[in-house]
Structure formats: structure tokens, C-alpha cells
Amino acid sequence: MTVALFLVLGLVLSAVFGFVDFLAGGQKIADDPYLLELEAKAASLKEALEQTPKDGALAAELGNTFYQMATFFWQQGLEEQGNKYGMQSRNYLTRAVENGEISPEITLSIAFLALSQDDYQAAEEYFQKTIDLDQENPGAHLYYGLFLSGRKRDEEAKKHWEKVLEYAPQDSPEAQAAQYYLSVTQEAQP
Numbered sequence: 001m002t003v004a005l006f007l008v009l010g011l012v013l014s015a016v017f018g019f020v021d022f023l024a025g026g027q028k029i030a031d032d033p034y035l036l037e038l039e040a041k042a043a044s045l046k047e048a049l050e051q052t053p054k055d056g057a058l059a060a061e062l063g064n065t066f067y068q069m070a071t072f073f074w075q076q077g078l079e080e081q082g083n084k085y086g087m088q089s090r091n092y093l094t095r096a097v098e099n100g101e102i103s104p105e106i107t108l109s110i111a112f113l114a115l116s117q118d119d120y121q122a123a124e125e126y127f128q129k130t131i132d133l134d135q136e137n138p139g140a141h142l143y144y145g146l147f148l149s150g151r152k153r154d155e156e157a158k159k160h161w162e163k164v165l166e167y168a169p170q171d172s173p174e175a176q177a178a179q180y181y182l183s184v185t186q187e188a189q190p
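Using the numbering used here, the first residue of the sequence shown is number 1, and each one after it goes up by one.
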């Protein structure tokens, strides 16, 4: 539970600082060149996907573009807009998987998006799919461990964090995070 609180606190602080920065900066988000570029790309991809609706690669690219847009808004502290694009991202990424475009990156993104939408069953399903696709993916094990810990399944979480230590370079951010979560979980147990 402590781990989940740290993650939530970090996300909240990031959102608050992003929103304060936006208010102080005076630049309208709608005029941000990065966002305008993403919107143009999304419109073009959407049009292309209408011509070839079963194109999994195109659906994945569109889903990833919407994911970038969602992340942009979340970083600005604008949860509602971020959630709107997050939902679109999840829909297109799921469509990509259904049309044969499956990779650990796509399934991990779907897991994160499902989690952001409080769809815990789908989040777990896609964390597991990611690990099934790439058993040695330290990021998948790290985040699945966090998910499990948040669901009060610490013993399962520990196994995944131990996998991170097995697969990730010792000095990597993933290994350092896994070591931290293992120690926090160990301290919390009687």
C-alpha cells in the first residue's frame, strides 16, 4: 500500500506542478506546437485507417499517437482531457491487437491505460500478456509487481520484482526501483 501511495503522490504532484506551470506560463495548451503536430498526425492516421480498417499497424500507430496526447494532458494536470485521449488510445491499441499487431510495448500500454480507467481485470490481463510475450521484460515485471502490490498481493509482487533483478542490468532504473519496492515490502511485513 505504501508503494501505491508513493506512486499516487508522485502523479498528483506532477499534475499540480504542471497545472501551476501552465497557469503561470500563459501559453494556451491548444496552441502548443507539439500538441498541434500530434492532432494533425492523429487526423491523418484516422483517415487512413478508415480506408483500411483491419490494418493493425496503423491502428497501433494511431493508438500510440493518442497515448502521447493523453500523456501530454496528464502532465499538464488536465485529467479530463488526458482521460479522453487515453480512452481513444486504448480503443485503437486494442483494435491493433485484435488485428494481429501485438507486441510487449502495445500490451503494456493497454495495461497502463486500463489501470488509468480503473479496469483492473483488463489491466491484469494485459500485464500478463506482456510478460507472456516477453518473459524477460523488466519493465513489465516491475509494473505488474506494482499493480499486484496495490491489489494487496505482495507475495506475487515480490516474485515479479525479483524477476526485474534477474533480467535488468544491476544499475538500471528498473533494478533500483525493484530493489526499493522489495525492501519497502519487506519492512512492512511483521
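Yeah, the Cβ is synthetic: ideal placement off N, Cα and C, and Gly gets one too.
Could you check whether residue j and residue i sit closer than 8 Å to each other, using their CB atoms as the reference points?
i    : j    : result
S109 : Y67  : yes
T185 : K163 : no
A168 : F147 : no
L93  : A60  : yes
A178 : L142 : yes
L194 : L45  : The question about residue 194 has no answer, for the chain in this structure spans 1 to 190.
Q75  : I29  : no
Can you tell me whether DSSP reads residue i as helix, strand or coil?
i    : result
K54  : coil
N64  : helix
E171 : Contrary to the premise, residue 171 reads as Asp rather than Glu in this sequence. Coil.
Q117 : coil
D32  : coil
N137 : coil
K152 : coil
Q88  : helix
L201 : There is no way to answer for residue 201, as the model of the chain reaches only from 1 to 190.
A188 : helix
L78  : coil
I102 : coil
With distance defined between alpha-carbon atoms, name the residue in the options nearest to residue i.
i    : options               : result
K84  : A57, V97, M69, E98    : M69
R95  : G63, E47, L35         : G63
A114 : N91, E98, I131        : N91
E166 : Q189, A140, A188      : A140
E98  : P33, E156, P53        : P53
L38  : T71, E50, D55         : T71
T107 : F73, P33, G56, L133   : L133
Q117 : Q128, Q135, Q88, K41  : Q88
D32  : E174, F127, F73       : F73
Q135 : L78, H160, E156, F112 : H160
Within the present structure, is the beta-carbon of residue i separated from the nearest heavy atom of the ligand ZN by less than 7 Å?
i    : result
F112 : Because no ligand of any kind appears in the structure shown, any question about the ligand ZN cannot be addressed here.
Exercise for the section: Report yes or no: do three or more beta-carbon pairs, one from the region 87-107 and one from the region 150-165, lie closer than 8 Å? Expected result: The region 87-107 is not in contact with the region 150-165.
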